[in-house]
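Numbering (the working numbering), first residue to last: 78 to 703. Where is the CB? At the ideal position from N, CA and C, for every residue including glycine. Please read all numbers here as calculations on a predicted model, not as lab measurements. Remarks on the structure that follows.
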Ligand SMILES: [Zn+2]
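So, in structure tokens, the structure goes:
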């Protein structure tokens, strides 16, 4: 492709489904409903000052606006006050984005009403020229330093795009088009410098690079190339300016000695602008940069999919006990890999997405309360605020705990923990062409789409990843011939099905005329796999799930936000670390892996039971060899 000079724009391998075409079923739907009844649906009540700040409307920022008091401790933030001016826009819009998607997907009637009102209110803040944002006329588009211009729009427009795709509301679409046009007019392509922000910290400006999310989605909807060309311009402009978030800049990528070192969330979300630029322009340099960057990301990612985000990467490699990951980072990296799968069709991405979602991300939720960990490590020996008890000399660390809010640090992870599930669901299916559907991420869901103007519904009934059996139920307006591709997970040793199929590039391919009501079953068989991480520690997997040794703990309640919304801490009881030994003979039975391990304290071999990592609080998931 690259040698073909006139083929500047390469088509994406797969087409995304419009938001709302894929709905959750089974345990994923139940969990979303629980979240809507819990931290996702109540954040506006738990931090009303942050969510109700009219920052996009009557409270837009002006020249002498003061930094806002967000109720946090400002411990160990390198950033100064400037970010506290725009921060409520991120909190609000990321929260709304997650909330909008959750309530629409599960059809929560009270939530849907609330969302309709929100969209109406936010559209009322749009100026006649199309401006939707947080700055008054004196400030907007005229910055020489840290600001939240593009970032405030990105977070807002991502949610509005989802709402539009779901409802097809033309007023909302027109407002989005006008808002994006307003950006492209005021920061004209190749003739402006939107990412110039001086030499100080500029995290908000750097977040604004993800305006490419909006551009790419606009391109997907309209197929108008101007949006992707604009995204490429944004990436290039960001790369050429000074930024405190330089991991993604081309000079960093092409420096062979460079190690990822920036704020993790930025590093992982910035993968998307690079992907969009690389696939829009199809420039060899950007393709090469993408492949170098992907390799660097692997080095900072643990075996459960948790990429370092505690909060600066600081040149480290991932470690199951010593590097923490932020909930925000889990979401951002998942979303980035999903975009890359859509563009490239590289099946490895889907494995990484399931790794993150079914392991690290589920494993950073509290199984008993509606609360998440801001920071979490794979091996989690205590959750008392610090990283497994490590003292950090220059700050009081409080992020290693469960909370529905984490207001003492920043209300970023809680909104993003509300986004991750709907974003995962949105990427479960893709279209390869007008009669090929691809089940990329496995799990309980229902797809509604059309194939050559015939309506088709496919329900995927499963307990996956807690079982590896699926029933696919197809319902079509009339009998219809199409191709169904179901990803065969890498860990599957064999396939059991009553359907005729062929294997092709990692997919189970079923091509036939489906009856108007049709169904088949498929099961992926597997066995316990012993994995090794980059530090030589061993871990046990069965199917898509990692298994961990749970550590008994005493629970302590902390700050109470409201009834049933508390911070929760965990202190280990009878804690013993275990070592791997080579003749451990793991056996999987009824959702548990039984295995023999060496107790580090007593030096004795003991039989222990490992449970899914996703259901643990304190745990050991990787084991040193001894
Ligand atoms: Zn966060």
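Asked: Identity of the residues DSSP links to residue 700 by a beta bridge; Found: 615
Asked: Option in 126, 456 and 499 with minimal Cα separation from residue 382; Found: 456
Asked: Residue 91 in three-state terms, based on DSSP; Found: coil
Asked: Nearest-angstrom Cα separation, counted from residue 360 out to residue 79; Found: At residue 79 the pLDDT is 39, less than 50, meaning the model places this residue with poor confidence; the figure from the coordinates comes in the next sentence. Cα to Cα, residue 79 sits roughly 8 Å from residue 360.
Asked: Buried versus exposed call for residue 131 [16 or more other C-beta atoms within 10 Å across all chains shown]; Found: exposed
Asked: Residue(s) in a DSSP beta bridge with residue 649; Found: 630
Asked: Among 599, 566, 613 and 594, nearest to residue 577 - alpha-carbon criterion; Found: 599
Asked: Candidates 580, 225 and 545: closest to residue 562 by CA position; Found: 580
Asked: For residue 114, three-class secondary structure by DSSP; Found: helix
Asked: Neighbourhood of ligand 1 [Cβ distance below 5 Å to any heavy atom], ordered by chain position; Found: 403, 405, 489 and 490
Asked: Reduced DSSP category for residue 694 - H, G, I as helix; E, B as strand; rest coil; Found: coil
Asked: Residue 201, buried or exposed, once every other Cβ within 10 Å from all chains shown has been counted against 16; Found: exposed
Asked: Neighbour-count burial assignment, residue 464, 16 or more Cβ in a 10 Å radius; Found: buried
Asked: Sequence-distant residues of its chain with Cβ nearer than 7 Å to residue 153 (five each side left out); Found: For residue 153, the predicted structure reports a pLDDT of 49, less than 50, and the residue's modelled location is therefore unreliable. A value from the coordinates is still provided. Result list for residue 153: 471 and 472, in chain order.
Asked: C-alpha gap between residue 462 and residue 506, whole angstroms; Found: 38 Å
Asked: Integer Cβ distance of residue 183 from residue 110, believed to fall under 8 Å; Found: 6 Å
Asked: Closest residue to residue 556 among 572, 442, 364 and 527 (Cα-Cα distance); Found: 527
Asked: Supposed contact pair residue 166 and residue 211 - C-beta distance, whole angstroms, cut 8 Å; Found: 5 Å
Asked: Whole-angstrom distance between residue 583 and residue 95, CA atom to CA atom; Found: 25 Å
Asked: Collapsed DSSP secondary structure at residue 643 in the structure displayed; Found: strand
Asked: Exposure label - residue 566; buried when at least 16 CB within 10 Å; Found: buried
Asked: Best match in 257, 323 and 232 for proximity to residue 277 [C-alpha to C-alpha]; Found: 323
Asked: Beta-carbon gap between residue 701 and residue 614 smaller than 8 Å; Found: yes
Asked: Cα-Cα separation between residue 662 and residue 525, rounded to whole angstroms; Found: 44 Å
Asked: Option in 442, 197, 261 and 216 with minimal Cα separation from residue 207; Found: 261
Asked: Residue 534 burial status per 10 Å Cβ neighbour count (16 or more: buried); Found: exposed
Asked: Three-way DSSP call (helix, strand, coil) for residue 252 in this model; Found: helix
Asked: Three-state class that DSSP yields for residue 518 in the structure shown; Found: coil
Asked: Residue 491 - DSSP class collapsed to helix/strand/coil; Found: helix
Asked: Straight-line Cα distance separating residue 251 from residue 454; Found: 44 Å
Asked: Cβ contact (3+ pairs, closer than 8 Å) linking the stretch 293–306 and the stretch 333–343; Found: no
Asked: Same chain, Cβ closer than 7 Å to residue 491, five either side skipped, listed in chain order; Found: 116, 120, 449, 481, 482 and 483
Asked: Proximity to residue 564 [Cα-Cα], best of 423, 641, 458 and 610; Found: 423
Asked: Minimum C-alpha distance to residue 265 - residue among 592, 314, 417 and 657; Found: 314
Asked: Residue 499 to residue 273 span [Cα, whole Å]; Found: 34 Å
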